[in-house]
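The block underneath contains the structure these notes are about, expressed in structure tokens.
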Amino acid sequence: MMRKRGVALLFALACAGHGAAVLAQAYPSRPPRLIVGFTPGGGVDINARVLASKLSELLPQQVIVENRPGAGTNIANEYVAKSAPDGYTLLFNSPAVVINMSLYRNPPYDALRDFAGVSVFSESTNILVVPATLPARSVKELVALARERPGALNYSSAGAGSTQHLAAELFKLHSGTSIVHVPYKGSAPSIAALLAGEVQLSFINPVAVGAHLKSGRLRALAVAGAKRSELMPEVPTMKEAGVEGVEVPLWFGLLAPAATPREIVRALAAAVTKAAHSSDTRKRLLEQGAEAVGSTPEDFARQLREEVARWAEVVRISGARAD
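All letters in the sequence shown, in the order written, are residues 158 to 480 by my numbering.
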């Protein structure tokens, strides 16, 4: 209770400069919602629930996670962008929110104009996984198999424009293979298809497939990042495995409608940082292959601006399109 009062005081102080109206509301006076554009069970959803659980301990209100999957997270993105800028409807997303600016011809929002970056909660990376039944125990063997059977192998993703989609397209480009994309509405159905043998590979967050890797049903071949995962140090990076140019860093962050008062944005960022830096949260994230961050709104805004340009180049190079 003392911890909740302490953070409530932090919110009151942060909001004080905005005037009596915000103070009267004693933000948050009702449960804030974190809108997630993916189905339950994937990396974004799991990180959102880790954050919501910790914020619910810190704040005087329960924080609710609400899934609104579809259209590569555009449904959730548009919903939050058009919501009242009062701090009660927030977006929890990944690079998908900026990737879609280049992937779709007419996205229903503008990532820089319609959102205020609150804080990056955590960072991770996707790994290349295959069913244990697939006769490929390394990236080299997978590439050889794909080249022997052009167009016969399929890969699943959490949806068009997801980092999984772009990682796979970069893999195809740099490995000289032809593999068919099968998009799903989130990581959970994507993994189900992988386990059922409907697809032969996927780039996915380790948190979503940890149990299947331990059981032996799935096999990790490489990490789509610049360094190995602390969770699976024995798994090589894509570059180490022989395919360069497949580095797709992944972050999980909180965004608010653009007109949300800066005092509320700053207070939310302070709460996210406090949650991310708590020892129990850091442990939970590490167990899922993620690292706690907790950035400032200014740093997140700068990151969003840089990533719009960077992901536009990745989309161009990969040739990926969603419509």
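Beta carbons are placed, not taken as given, at the ideal position from N, Cα and C, and that holds for glycine.
All values reported here derive from a predicted model rather than from experimental measurement.
Here the alpha carbons of L310 and S335 stand approximately 8 angstroms from one another. Residue nearest to P390 within the set R190, A379, V400 and K396 is A379 (criterion: CA-CA distance). Of the candidates T290, V337, I361 and L407, the residue whose Cα lies closest to the Cα of R374 is T290. Within the segment 384 to 430, the runs of beta strand (DSSP E) at least 3 residues long that lie entirely inside it are, in chain order, 406 to 414. H338 has Y312 as its beta-bridge partners, per DSSP. Bridge pairing for S276: L411 [DSSP]. Between V296 and L461, the C-beta gap is not smaller than 9 angstroms, which leaves the two residues out of contact. If only complete runs of 4 or more residues are kept, the segment 203 to 255 shows the alpha helix (DSSP H) at 231 to 238, in order along the chain. Shown here for V364: same chain residues with a beta carbon closer than 6 angstroms to its own, the five before and five after excluded, namely G200, I203, Q445 and G446 in chain order. By a beta-carbon distance limit of 8 angstroms, G382 contacts T282. Their separation comes to about 4 angstroms. Judged by pairs of C-beta atoms under 8 angstroms, the segment 330 to 349 touches the segment 357 to 371, as three or more such pairs exist.
Here the alpha carbon of S276 sits roughly 40 angstroms from the alpha carbon of E298. For S475, the enclosing alpha helix (DSSP H) starts and ends at P454 to S475. Taking C-beta atoms as the reference points, L425 and V237 fail to come closer than 9 angstroms. Cα atoms of A273 and R423: separation of roughly 10 angstroms, rounded to the nearest angstrom.
Residue pairing of E448 in beta bridges, as defined by DSSP: E280. Judged by DSSP in its simplified three-state form, R439 adopts helix. K384 is the residue among K384, E420 and T417 whose C-alpha sits nearest the C-alpha of V405. Shown here, L291 sits in coil according to DSSP, grouped into three states, outside any helix or strand.
The straight-line gap separating the alpha-carbon atoms of N263 and V465 is approximately 15 angstroms. DSSP places S347 inside the alpha helix (DSSP H), whose first and last residues are S344 to L352. Using a Cβ distance threshold of 9 angstroms, N250 and G410 count as a contacting pair. Across the structure, N234 and V222 are spaced so that their CA atoms are roughly 14 angstroms apart.
Between L260 and A428, the gap from beta carbon to beta carbon reaches 9 angstroms or more. Closest by C-alpha distance to E214, out of A433, A449, R459 and A268, is A433. Between A479 and G318 a beta carbon distance of about 5 angstroms is seen, short of the 8 angstroms cut, so the two are scored as contacting. Residues of the same chain with a CB within less than 6 angstroms of the CB of A350, apart from the 5 flanking positions on each side, are S313 and V356 in chain order. Around the beta carbon of S332, 16 or more other beta carbons sit within 10 angstroms, so the residue counts as buried. Per the coordinates, the alpha-carbon of L247 lies some 40 angstroms from the alpha-carbon of G308. In the three-state scheme derived from DSSP, where H, G and I count as helix and E and B as strand, R304 is classed as helix.
Secondary structure at S372: helix, using DSSP grouped into helix, strand and coil. Using a 10 angstroms sphere on the CB of R419, the tally of other CB atoms stays under 16, which defines it as exposed.
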